[in-house]
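Asker: According to my numbering, the sequence shown is numbered sequentially starting from -17.
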Amino acid sequence: MMGALYDGQVLEGGAVADISSDQDLQEFRSEVRRFVGDHVPEALARRILLGKPASKDELLAWHRALFEKGWIAPGWPVAFGGTGWDISTRWAFETELALLGAPPLIPMGLITVGPVLIAYGNEAQQRQYLPRILDGSDIWCQGFSEPGAGSDLASLKCRATRVDGGYRIDGTKIWTTQAHWSDKCLLLARTDVRGKKQDGISMFAVDMASPGIDIRPIITLDGLHVLNQLFFDDVFVPEGNLIGEEGCAWDILKSNIGHERILVSSPGFAVTLRRRLLDVAQRTDRDGRRPIENSRLRDRIVLLDVRLQALQATALRVLDIPDLTVRPEASLLKIRGTELHQDYTRLIGEVLGTASLPYDLEAMYSATDESNARFDAITPNYLFLRKASISAGTNEVQRDIIAKSVLS
């Protein structure tokens, strides 16, 4: 029985994969634990582990603590403020953060915009933007998707018209994460309607305080305001804010999309979900029993553990690839990661049973009401994660990419 494999390993609630027993790495893990203990309040860590959101101020405080420690950008080159860690150290760092309930980082600047500017930005743009991403002075959003141009991003219609000294932007963007918090936007707009639809697309850094930008909230099924729709009405963007060459953004996008797919796959988030699953499975019910005593549940947890180990191993390989331009490995990681997140939340809900059904969002997300300290937000998490297999290109599109790259 697979349930027998569970005993003695999975109950520890760790990250499953132990990539190294090196003494230096173990000491580093201990340092990370001490740092999190010193900088993440226990109440905040509990909320994160229960799937509840952190506030903007809490996220920025954590960002700045990591910046002051020199740990804010593990994926960046040292010359631009990165850590210089090898893959094992970076993996140990991100795993420890996930296990300890550290808040997530506001992602777009560090994961998407930074690598784009490092690879394609000019020296002036790098000096202007990168330090402010690192220290948390500027929050960025990503203006890519449009109504009618999501997975088929090349069909975008937002226009950038040449004018004296720059461009005028007109159009709309949708599903823009944290635009209402953002100081800057990495925007795709069409500068030429001739030729193939992939041609004539340009990339801009847009100041979100510019006149003519209207931000409208999109409240998702989990009751949170994370996403937005943006409207650009004759928004002026200086010529110096063009990133790369005019009409060449599709090549930039192809190199960047691998980073976004890795972000969405988030093995660290899967580790957090695993910890939540083990926690609810070991709670004693009214009859004095624990769900974990059911061998069928143990079998299902082991199967998820196998998938998590495979996801971790794949992520380690992909993170070591210098060029992620439309790589099938990044697509594979995105598929496996997002579907694993969905399956973890589904099983947590099944284990909680009727306890997962209350849906008082105000009480659920309360940061101060101690009566809700153990209220697991699994139902809104489950509903929100239904979009995970759509973000950064639907999983069906990712399977097409893998088929064309590997099977053709």
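For each residue, glycine too, the CB sits at the ideal point set by N, CA and C.
No experiment lies behind these values; they were computed from the predicted model shown.
(1) Keeping to the same chain, check which residues put their C-beta closer than 8 Å to that of THR296; ignore five residues upstream and five downstream.
(2) Have a look at GLN5, LYS34, ALA43 and flag the residue whose alpha-carbon is nearest the alpha-carbon of ASP20.
(3) If you check the beta carbons only, do VAL175 and SER192 fall under 9 Å apart?
(4) With a threshold of 16 other CB atoms inside 10 Å of the CB of THR320, please say whether the residue is buried or exposed.
(5) Quick one: complete alpha helix (DSSP H) runs, 4+ long, within the stretch 70 to 158?
(6) May I ask you to report which of helix, strand or coil DSSP gives ALA55?
(7) With a cut-off of 8 Å on the beta carbons, I'd call LEU168 and ALA142 a contact; round off their distance for me.
(8) Quick check on this structure: which residue in VAL95, TRP73, LEU224 has the alpha carbon closest to the alpha carbon of ALA171?
(9) Hey, how far is the Cα of GLU(-6) from the Cα of VAL379?
(10) Ignore the nearest five residues each way along the sequence and tell me which others in PRO273's own chain have a CB closer than 8 Å to its CB.
(11) Per DSSP, which one or two residues make a beta bridge with PRO220?
(12) Keeping to the same chain, check which residues put their C-beta closer than 8 Å to that of LYS386; ignore five residues upstream and five downstream.
(13) If ILE200 sits next to LEU209, beta carbons under 8 Å apart, how far is it from one beta carbon to the other, in whole angstroms?
(14) Excluding the 5 residues preceding and the 5 following LYS38 in the sequence, name in chain order all residues of the same chain whose CB lies nearer than 6 Å to its CB.
(15) May I ask which residues mark the beginning and end of the beta strand (DSSP E) holding ARG198?
(16) Suppose contacts are defined by Cβ-Cβ distances below 9 Å. Is LEU290 in contact with ARG256 by that definition?
(17) Need the endpoints of the beta strand (DSSP E) that SER184 sits in, please.
(18) Return the Cβ separation of ALA231 and ILE156 in integer angstroms, given the expectation that the two are a contact with Cβ distance under 8 Å.
(19) Nearer than 8 Å: is that true of the beta carbon of ALA171 relative to any heavy atom of the ligand MN?
(20) Would you kindly report the start and end of the unbroken beta strand (DSSP E) that includes ARG268?
(21) Does ALA36 come out as helix, strand or coil in the three-state DSSP assignment?
(22) So, for TYR391: in the same chain, excluding its five sequence neighbours on each side, which residues have a beta-carbon less than 7 Å away from its beta-carbon?
(23) Taking 8 Å as the threshold, find out whether the stretch 115 to 125 comes into contact with the stretch 43 to 62 through three or more Cβ pairs.
(24) For CYS123, which of GLY177, GLY194, ASP189 has the nearest alpha-carbon?
(25) If you run the structure through DSSP and keep just helix, strand and coil, what is ASN238?
(26) Enumerate in chain order the residues of its own chain whose CB-to-CB distance from GLY91 is below 6 Å, with the five nearest sequence positions on each side excluded.
(27) Using the C-alpha atoms, what's the distance from ASP216 back to CYS140?
(28) What is the C-beta distance between ARG243 and ALA131, in whole angstroms, given that I count them as a contact (C-beta under 8 Å)?
(29) Can you check which of these residues, LEU339, VAL60, PHE10, is closest to THR71 by C-alpha distance?
(30) Please report the Cβ distance between ALA252 and LEU293, rounded to the nearest whole angstrom; I am assuming they are in contact, meaning their Cβ atoms lie under 8 Å.
(31) Go ahead and pull the three-state DSSP assignment for ARG172.
(32) Going by other Cβ atoms of all chains shown within 10 Å of its Cβ, with 16 needed for buried, is ASP120 buried or exposed?
(33) Got a sec? Which residues, its chain only, sit under 8 Å from ALA27 by beta carbon, not counting five neighbours each side?
(34) Note the first and the last residue of the continuous alpha helix (DSSP H) segment covering LEU286.
(35) Quick one: Cα of GLU275 to Cα of ASP281, how far?
(36) So LEU389 and GLY250 are in contact, right, with Cβ under 8 Å, and what is the actual spacing, rounded?
Answerer: Inspection of the coordinates gives the following:
(1) Result list for THR296: GLU311, LEU314, LEU315, ARG318, in chain order.
(2) When each option's Cα is compared against that of ASP20, the closest is ALA43.
(3) No, the Cβ-Cβ distance between VAL175 and SER192 is not below 9 Å.
(4) THR320 comes out buried.
(5) Taking 4 residues as the minimum length, the alpha helix (DSSP H) runs contained wholly in the stretch 70 to 158 are 96 to 102, 105 to 116, in order along the chain.
(6) Reduced to three states, the DSSP call for ALA55 is coil.
(7) Between LEU168 and ALA142 a beta carbon distance of about 13 Å is seen, past the 8 Å cut, so the two are scored as non-contacting.
(8) When each option's Cα is compared against that of ALA171, the closest is LEU224.
(9) Low local confidence applies: a pLDDT of 49 at GLU(-6) is under 50, so the model's placement there is unreliable, with the coordinate-based value given in what follows. Within the model, the alpha-carbon separation for GLU(-6) versus VAL379 is close to 37 Å.
(10) Cβ neighbours of PRO273 beyond the five flanking positions: VAL262, ALA263, GLN264, ARG265, ASP267, LEU279, VAL333.
(11) Bridge pairing for PRO220: GLY148 [DSSP].
(12) For LYS386, there are no CB contacts under 8 Å within the same chain when 5 residues up- and downstream are skipped.
(13) ILE200 to LEU209, Cβ: 4 Å. Contact.
(14) TRP163, listed in sequence order.
(15) According to the DSSP assignment, ARG198 belongs to the beta strand (DSSP E) that extends over 195 to 201.
(16) A contact, by the Cβ cut-off of 9 Å.
(17) For SER184, the enclosing beta strand (DSSP E) covers residues 183 to 189.
(18) About 18 Å; that fails the 8 Å criterion.
(19) This structure lacks the ligand MN; in fact it carries no ligand of any kind.
(20) Per DSSP, ARG268 belongs to no beta strand (DSSP E) and is neither H nor E.
(21) It is coil, neither helix nor strand.
(22) Here the chain covers residues -17 to 390 and nothing more, so residue 391 does not appear.
(23) At 8 Å Cβ cutoff, the stretches touch.
(24) If we check each option's Cα against that of CYS123, ASP189 comes out closest.
(25) The answer is helix: DSSP assigns ASN238 an H, G or I state.
(26) Excluding positions up to five away in sequence, the list reads ILE115, TRP122.
(27) Taking the straight line from one Cα to the other gives about 11 Å.
(28) Contact flag wrong, Cβ pair sits at about 18 Å.
(29) Answer by Cα proximity: PHE10.
(30) Separation of the CB atoms of ALA252 and LEU293 is rounded to 6 Å, and the pair is thereby assigned contact status at 8 Å.
(31) For ARG172, the secondary structure class from DSSP, reduced to helix, strand or coil, is strand.
(32) Buried.
(33) Shown here for ALA27: same chain residues with a beta carbon closer than 8 Å to its own, the five before and five after excluded, namely VAL18, LEU82, GLY83, ALA84 in chain order.
(34) In this chain, the alpha helix (DSSP H) harbouring LEU286 covers 277 to 301.
(35) When rounded, the separation of the alpha-carbon atoms in GLU275 and ASP281 is 11 Å.
(36) About 31 Å; that fails the 8 Å criterion.
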